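Visitor:
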Amino acid sequence: MAVAPARSSAAGAADDQPSATRAGTADDQLILAGDAASRQLIAFDPAVTDWNGTGAIRWTWKPTTGLGFSTAEVNGFNGGSDFKVRTSGRDGAQRLVVADGAGIATVATYPEGRRVWAKLLTGNLHSAELLPDDNIALAASDGGWVRVYASSQGADASAYGEYKLAAAHATLWDPSTSRLWVIGQDPVTAEHILTALAVVGTPAAPRLREDTTKRVVLPTPWGHDVTPYSYDTGKLWVTTNGGAYLYDKATKEFSSPGAANRVFVKAMSNQPSGQIVETMADSLKNPKGPCAAINGWCTDTVDLFGPDGKRTRKNAQFYKARVLNPYYGAVDQSRRGTVWDRTRAADGTWSSTVTQIDGNAGVARVAATASPDGVVHVFTLLPGSGIWYRQRAADGTWAASAVRIDANGDLVDVAAAALPNGTVHVLGLLPKSGIWHRERSAAGVWAASATKIDANVSITDVAAAALPNGTLNVFGVVPGSGVWHRDRSAAGVWAGSATQVDTNGAVSDLAAAGLADGTLQLFCMVPTSGLWHKERNAAKTWAGATKIDTNGETSVVAAAGWPGTALQVTMVAPGSGVYSRVRAADRTWPAAQRIDAEPDVLELYAVGRPDGVIHVGKVPELS
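Okay, structure coming up:
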């Protein structure tokens, strides 16, 4: 159950809400501990020196059937091997994530503690973390794995992605780099490592890939904990059997925190005041503590450093105790980068160099199109700022600066297409609103306002393509439903409704292109499956989808067609680079060709010019 006793006089006025921030000097926060003796989580006020009784307790929780848990799930909780309060990336509400070696992993509401998702797992669970999409990351020490379960997909969702890691002990989402820090032992080399994982795929089908640039060998073996350092996002607390360290992510150096550098520290964090909070097994202390008589991992005392102190609860069996930080959340910081352009000559030769066309490091999305006069139009989306436009003239000169054409900073995706009459069209996706359209006249004047052309609030991705007959085609992904298409006639009239053209509800990204023969080409990325292609003939009949690439971990797709002379598709393979396929004259697809070895690319564009040249743009991740 979840209980929130009133505050004691030592902590301030009575309050029946378990606010994570205590009323006290320096705004230090509650300490959340897992007690195997009482089989519950307890939030203590560190300003109260006596932790016996209820005077220091501000909140308690354990799973119960009344909170929506099954009897088996209730029995799978023994006080918690790991527990964190995080902010949901979906609704902004707080969530409690818990892992317990007795078997339960759960996401629950906070402070109520009601079941959102739970699963019983073997493997000795040691850590839990909430991701920005509301999926849960777990580490199992005996199981030798780190997994991300699709907890966002329902109360009992069971799909997961896995990364093999022996003695896996810790998981920590890093909003500053969009990576999941983990600690354990390489199952091949037996090295004890700290590394970071990229979470790829989709919320429904997550996958994990190591970002090897983040890997470092631990200074001493057998890692235990990884937590954020409150003063600097560039540093982490790391503990092992051999010590407790402050890790610098940039220099990859471990430094000692003074007296807090002890062996076998199970949990480590720090308060805003700077005070360090640790738990260390009583069996390894000198002299040994009371819990040593019970097992080799528990303690009845939370140790404090700077200023030094102790908080003891008689007969408690703490494994971990953490600062309950209400300001550290799973809400992701948008991954962003600059924009670079590469060309493929009409003879099929790719340029060996790339050109930076936009040095603004805040670009989150990009789209491009080419008009029949050979001008290339590039659109960048900057969160909080809007859509910016830059062009490459027919003589090859890029504009020196970008011009903002839409100031709506809430837009999350952008697509573009140019028509034979010289007009250019940009589509913006606005969450909880739909798709908005803005037009640039043949004279180069942008419309003063955008028009909503699709009110479906469930659309998550948008693509656009033009045809030589003057029609503009817009595609949107609706998770769980598929891909929907709406067109605008050459006379400028939008269809009254969208038509479903693909029923695969797992599509994560899409691209579209038109061809000179009047056909429409659609490319759909399906996580764990690969890239699928389908064509609509000039008579407006859609063919079935054909898989043209079996790499199920590709993450981004872009396509080039009219006014170019070839059909080309570009894909990102995370950790490997950017790959291109150009459809042959006999309509077959050759093997993919790697055209860029950049390991982490967030976004792509692809456009074909009338002279046969293809432009591919990328936004490499700067974090």
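Note that the working numbering numbers the sequence shown so that position 414 is 446, with each residue one more than the last.
Just so it is clear, CB atoms sit at the ideal spot from N, CA and C, and this is done for glycine as well.
Treat the numbers as computed from the prediction; the structure is a model and nothing was measured.
Using the DSSP secondary-structure output, state which residues sit across from residue 323 in a beta bridge.
Guide: Residue 323 pairs with nothing; no bridge assigned.
Visitor: If you reduce the DSSP assignment to three classes, tell me which class residue 184 lands in.
Guide: Residue 184 falls in the helix class under three-state DSSP.
Visitor: Measure how close the beta-carbons of residue 186 and residue 233 come, nearest whole angstrom, since I'm counting them as under 8 Å.
Guide: Between residue 233 and residue 186 the Cβ distance is about 17 Å, and since that is not below 8 Å, they are no contact.
Visitor: Between which two residues does the beta strand (DSSP E) harbouring residue 431 extend?
Guide: The continuous stretches of beta strand (DSSP E) do not include residue 431, and DSSP gives it neither H nor E.
Visitor: Name the residue from 162, 469, 318, 593 whose alpha carbon lies nearest to the alpha carbon of residue 546.
Guide: 593
Visitor: Which ranges does the beta strand (DSSP E) cover as unbroken runs of at least 3 residues, wholly within the region 401–470, from first to last along the chain?
Guide: Qualifying beta strand (DSSP E) stretches, in chain order: 408–414, 418–424, 435–438, 445–450, 456–462.
Visitor: Looking at residue 413: is its Cβ nearer than 8 Å to the Cβ of residue 446?
Guide: yes
Visitor: Looking at C-alpha atoms only, which residue of 315, 82, 76 is the closest neighbour of residue 89?
Guide: 76
Visitor: Apart from the five residues just before and just after residue 483, which ones in its own chain have a Cβ nearer than 7 Å to its Cβ?
Guide: Excluding residues up to 5 positions away in sequence, 468, 469 lie with their Cβ nearer than 7 Å to the Cβ of residue 483 in the same chain.
Visitor: Which residue marks the beginning of the beta strand (DSSP E) containing residue 645, and which one marks its end?
Guide: Run containing residue 645: none; DSSP gives neither H nor E here.
Visitor: In the structure shown, what three-state DSSP assignment does residue 280 receive?
Guide: strand
Visitor: What number of angstroms, rounded off, separates the C-alpha of residue 92 from the C-alpha of residue 397?
Guide: 43 Å
Visitor: Of the residues 612, 651, 572, 539, which one's Cα is nearest the Cα of residue 584?
Guide: 539
Visitor: Looking at residue 450: is its Cβ nearer than 8 Å to the Cβ of residue 402?
Guide: yes
Visitor: Report the three-state DSSP secondary structure of residue 67 (helix, strand or coil).
Guide: strand
Visitor: Ignore the nearest five residues each way along the sequence and tell me which others in residue 643's own chain have a CB closer than 7 Å to its CB.
Guide: 378, 406
Visitor: If distances are taken between C-alpha atoms only, which option among 576, 553, 618, 569 comes closest to residue 589?
Guide: 553
Visitor: Taking 8 Å as the CB-CB limit, is residue 147 close to chain B?
Guide: Included in the structure is just one protein chain, with no chain B present.
Visitor: With DSSP run on the structure shown, which of helix, strand or coil describes residue 128?
Guide: strand
Visitor: Does the Cβ of residue 59 have 16 or more other Cβ atoms within 10 Å, making it buried, or fewer, making it exposed?
Guide: Residue environment: residue 59 is assigned as exposed (fewer than 16 neighbouring CB atoms within 10 Å of its CB, all protein chains considered).
Visitor: Alpha carbon to alpha carbon, what distance is there between residue 606 and residue 634?
Guide: 9 Å
Visitor: Is residue 442 buried or exposed, if buried means 16 or more other CB atoms sit within 10 Å of its CB?
Guide: exposed
Visitor: With DSSP as the reference, label residue 106 as helix, strand or coil.
Guide: If DSSP states are grouped into helix, strand and coil, residue 106 belongs with the helices.
Visitor: For a test of the three-state rule: what should DSSP assign to residue 210, helix, strand or coil?
Guide: coil
Visitor: Measure from the alpha carbon of residue 613 to the alpha carbon of each residue in 570, 496, 295, 581, then state which is nearest.
Guide: Taking only the C-alpha atoms, the option nearest residue 613 is 581.
Visitor: Starting from residue 553, trace the beta strand (DSSP E) in both directions and tell me its first and last residue.
Guide: 552–558
Visitor: Skipping 5 residues on each side, what residues in its chain have a beta carbon closer than 6 Å to that of residue 56?
Guide: Note that residue 56 scores 36 on pLDDT, short of 50, meaning its location in the model is unreliable; the coordinates nonetheless yield the value given after this. Within the same chain, residue 56 has close Cβ partners 79.
Visitor: Hey, quick one: how far does the beta strand (DSSP E) through residue 146 stretch, first residue to last?
Guide: No beta strand (DSSP E) holds residue 146; DSSP gives it neither H nor E.
Visitor: Determine, using beta-carbon pairs with one atom in the region 473–493 and one in the region 426–433, whether at least three such pairs fall under 8 Å.
Guide: Contact between the region 473–493 and the region 426–433 is absent: fewer than three C-beta pairs spanning the two stretches fall below 8 Å.
Visitor: State whether the region 497–508 contacts the region 457–468, with contact taken as three or more CB pairs (one from each stretch) at a distance under 8 Å.
Guide: yes
Visitor: For the beta strand (DSSP E) that residue 628 lies in, which residues bound it at each end?
Guide: Unbroken beta strand (DSSP E) run through residue 628: 625–628.
Visitor: Would you check if there are 3 or more beta carbon pairs closer than 8 Å linking the region 126–137 to the region 150–162?
Guide: With three or more CB-CB distances shorter than 8 Å, the region 126–137 counts as touching the region 150–162.
Visitor: If we ignore side chains and look at the alpha-carbon of each, how far apart do residue 235 and residue 489 end up?
Guide: Counting only the Cα atoms, residue 489 lies some 18 Å from residue 235.
Visitor: Assuming residue 579 is part of the beta strand (DSSP E), what are its boundary residues?
Guide: 578–581
Visitor: Throw me the rounded Cβ distance for the residue 660 and residue 314 pair, which I believe falls under 8 Å.
Guide: With the chain covering only 33 through 655, there is no way to say anything about residue 660.
Visitor: Less than 8 Å between the CB atoms is what I'm expecting for residue 400 and residue 216, so what's the real figure, rounded?
Guide: Actually they do not touch by this definition, with Cβ atoms about 42 Å apart.
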